[in-house]
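Reading through the structure tokens given below for one structure.
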Amino acid sequence: MNPLRVAAVFRRIVTQFRRDPRSLALLFVAPIAIIALLGWVLTSQQTMTARLAVVNESAGPAGQTVVARLQSVLEGQTGVALDRSVVDDSTARQMLKDKKLDLVVVLPPDFSLQNRKIELLTLGLNPTAEASILPSVQKALITAVADSAVGAALPTIERATIYGSPDATTLDTLAPVVVGFFVYFFVFVLTGISFLRERVGGTLERLLATPVSRAEIVLGYSLGFGFFATLQVTLVLAFVLARLQIPALGPVPAFAIGLGVRTAGNPLIAYLLVLVLALGAVSLGIFLSTFARSELQILEFIPLVIVPQGVLGGFFWPIDQLPGLLQPVARLLPVTYAIDGLRQVMIAGADLASGQVLLDLGVLAGIAAVFVVLAASTIRREVA
Amino acid sequence: MVTIPTPAPAVEAIALRKDFGEIRAVDGIDMNLPPGRIYGLLGPNGSGKTTLIRLLMGLAPATSGTVRVLGVEMPSRSNLSRIGYMTQSDGIYPELSVWENLTFFAALYGQTNKTELHRSLELVELDRRAGTPAMQLSGGMRRRLSMACALAHNPEVIFLDEPTVGVDPALRVQFWDHFHRLAAGGATLLVSSHVMDEADRCDELLFIRDGHVLAQGTPGELRTRAGTDNLETAFLSFAVGSAAAESKETAR
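Chains P and R are the protein sequences, given in the same order.
Quick note on numbering: our numbering labels position 151 of the first sequence as 151, and the sequence is numbered without any gaps.
Count along the second sequence from 1, add 1000, and you get the number used in our numbering.
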């Protein structure tokens, strides 16, 4: 290993990139634009008013008391609009189908104080959206039933969380993860294309005719792209964590730059995780560039390499909730460990004393090492 | 009687063979090239010239046989610092300037002497273009830059794969003058070409076809042996001769 040769490769990568403003813009502007868009959508989501009706199918007095109580509680609640005109089951069902109602509370015919079974009826076309109405209704129900049941007060339910806060937004939990994912994505695509150009453009042939070793090439590449990954992570993390208020100036209204996401942990440890992830992506890009003949074919690897990691890596669904067969697959993916580590650090405030964070770092380093070896092994296997 | 000691060969190949699956690209080549001369590797496209050069440099593993360059068995990574290689494609980075390309390749060879690097740019008359990005150069300038990158570390053995393709006649003369200066300085050059009119500029020729060396000798010797003034005709007569010998062998 000759540091001068590694430095030469590193310097060349940096110079090449400086000459390519479009790729630089991609590296820095694109993730910020996408995260800003995500932040905008998640924080300023339209609050939908849920339209609902209460239908009483039971004949007993208990049902009537509960319905009256329920209606008054629901009317006092924000985000809920009660339609008192709907009273029978078939009208309510039809209005659900016509999308004039979002939810119907049904007291079944056998409803009594002893058999307090209540049905919450929704359309079932968009389970996620429908589920978002449920909490406010459930709360009203419990209040109503408890009030009407003599001596059978139900405990009130309060939300609490161990980490973060109950009112943490989706953005707060998603932002750290997005940072890791973007770095992986961009570093993979850019290294893949750069190295493909080396192979196709004849410069790799020429590199291999010099005394430079494969390890020196991979290391030089890693340093070069690690450098840009560092700048990218710094900028993106700053954008995610900071919030800078810009006062109104003339016709321009006041606005804020940055998302101001709350973080519990040390951004440096988060950065370390992302850097190890990026090193793996450099080697993966070099490795896969062997199997591509054009830039387009590098992009064709995205659905194969990047998208499954987004689906399985814990980005949207926890690994434990994946189907049994997919769980071991998810545990092979580097993004899985980066996402877990980033959540531990940025949401739970874990540091390097945490075994979980150390495990994530270790696995990421191991995966990176495997791909460094794979990448180095593909460098000489060239047929002119 | 005085015995003239034969100098150790600069490039030596023994029973060199390379198969790509079913295809035999290099078929048992022996060569012994004493230093300080220009050797022309002549043959049609697809005759195995590039593969042979890659085998001699240790860039591709041989199926069987041995290669020694400057007495060191190839492949040897450290020995590559004494070898120069100009590829058929330019093999330069279009985003980098002339100077950045040159210093990059020179650094990999361990050559960091700026004065020497400036001199090698002067030799190919690119010293005034040092700051120009390679993508803005003309085709001929790119060839010259490619050559400067191959020679910046003063190699003792130089492989040039079709160096004059796409180079105009005036520049081609300059290239050959430069090659002769290098040989006079003790370097050994192996220049591949499929253009026979360049052959006369070499000290010695190797006619290559189908992975075989058909004939080896100075341009004069080869003309005499073939009984013709035209090297192209000479090449064809050797090719026919080898085909006849081959069919006799199969018949037997």
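We put the beta carbon where it would ideally sit given N, CA and C, even for glycine.
All of these numbers come straight from a predicted model, not from anything done at the bench.
Residues near residue i in its chain [Cβ-Cβ closer than 6 Å; skip 5 each side]
| i | result |
| --- | --- |
| residue 158(P) | Because residue 158(P) carries a pLDDT of 46, less than 50, the predicted location of this residue cannot be relied on, and no value is offered for it. |
| residue 1139(R) | 1166 |
| residue 1074(R) | 1058, 1067 |
| residue 1090(R) | 1142, 1146 |
| residue 289(P) | 192, 195, 196 |
| residue 1226(R) | 1234, 1237 |
| residue 1231(R) | 1196, 1199 |
| residue 1040(R) | 1191, 1199, 1202, 1205 |
| residue 229(P) | 183, 187, 278 |
| residue 1216(R) | 1206 |
Same chain only: Cβ atoms within 8 Å of residue i, ignoring 5 sequence neighbours per side
| i | result |
| --- | --- |
| residue 93(P) | 104, 121 |
| residue 336(P) | 309, 312, 313, 314, 319, 330 |
| residue 207(P) | 198, 217 |
| residue 1062(R) | 1016, 1017, 1018, 1026, 1055 |
| residue 1088(R) | 1050, 1161, 1162, 1165 |
| residue 1(P) | 213, 215, 216, 219 |
is_contact[residue i, chain R] using C-beta, thresh 9 Å
| i | result |
| --- | --- |
| residue 295(P) | no |
| residue 202(P) | yes |
| residue 213(P) | yes |
| residue 218(P) | no |
| residue 196(P) | no |
| residue 27(P) | no |
| residue 159(P) | Residue confidence is low: residue 159(P) scores 48 on pLDDT, short of 50, so the model does not pin down where it sits. Its coordinate-derived value is still stated next. It does not; no Cβ of chain R falls within 9 Å. |
| residue 375(P) | no |
| residue 210(P) | yes |
| residue 300(P) | no |
| residue 9(P) | yes |
| residue 15(P) | yes |
| residue 207(P) | yes |
| residue 4(P) | yes |
| residue 12(P) | yes |
| residue 19(P) | yes |
Closer than 9 Å to chain P by CB, residue i
| i | result |
| --- | --- |
| residue 1108(R) | yes |
| residue 1044(R) | no |
| residue 1163(R) | no |
| residue 1089(R) | yes |
| residue 1013(R) | no |
| residue 1038(R) | no |
| residue 1057(R) | yes |
| residue 1188(R) | no |
| residue 1100(R) | yes |
| residue 1081(R) | yes |
| residue 1078(R) | yes |
Supposed contact pair residue j and residue i - C-beta distance, whole angstroms, cut 8 Å
| i | j | result |
| --- | --- | --- |
| residue 1126(R) | residue 1145(R) | 6 Å |
| residue 74(P) | residue 66(P) | Actually they do not touch by this definition, with Cβ atoms about 12 Å apart. |
| residue 1037(R) | residue 1203(R) | 4 Å |
| residue 220(P) | residue 10(P) | 5 Å |
| residue 1043(R) | residue 1178(R) | Not quite, the Cβ-Cβ distance comes to about 24 Å (not below 8 Å), so this is no contact. |
| residue 1188(R) | residue 1035(R) | 5 Å |
| residue 1157(R) | residue 1082(R) | 7 Å |
| residue 1060(R) | residue 1096(R) | Not really, about 27 Å apart at Cβ, beyond 8 Å. |
| residue 1211(R) | residue 1024(R) | 6 Å |
DSSP-derived helix/strand/coil call for residue i
| i | result |
| --- | --- |
| residue 1(P) | coil |
| residue 1139(R) | helix |
| residue 1188(R) | strand |
| residue 267(P) | helix |
| residue 235(P) | helix |
| residue 150(P) | At residue 150(P) the pLDDT is 45, less than 50, meaning the model places this residue with poor confidence and gives no usable figure here. |
| residue 245(P) | strand |
| residue 377(P) | helix |
| residue 1028(R) | strand |
| residue 34(P) | helix |
| residue 1220(R) | helix |
| residue 1145(R) | helix |
| residue 99(P) | coil |
| residue 292(P) | coil |
| residue 1194(R) | coil |
| residue 1200(R) | helix |
| residue 1232(R) | helix |
| residue 1153(R) | coil |
Heavy atom of the ligand HEM within 8 Å of residue i beta-carbon
| i | result |
| --- | --- |
| residue 197(P) | Ligands displayed in this structure: none; no statement on the ligand HEM is therefore possible. |
Cut-off 7 Å between Cβ atoms - residues of its own chain near residue i, not counting five sequence neighbours on either side
| i | result |
| --- | --- |
| residue 1065(R) | 1013, 1014, 1015, 1016, 1017 |
What are the start and end residues of each continuous alpha helix (DSSP H) run of 4 or more residues lying completely inside the stretch 43-95 of chain P, in chain order? 61-75
Going along the chain, which unbroken runs of the alpha helix (DSSP H) with 4 or more residues stay wholly within the stretch 1034-1095 of chain R? 1049-1057
To test your reading of the DSSP string, which unbroken alpha helix (DSSP H) runs of 4 or more residues are found completely within the stretch 197-236 of chain P? Listed in chain order, they are 203-208.
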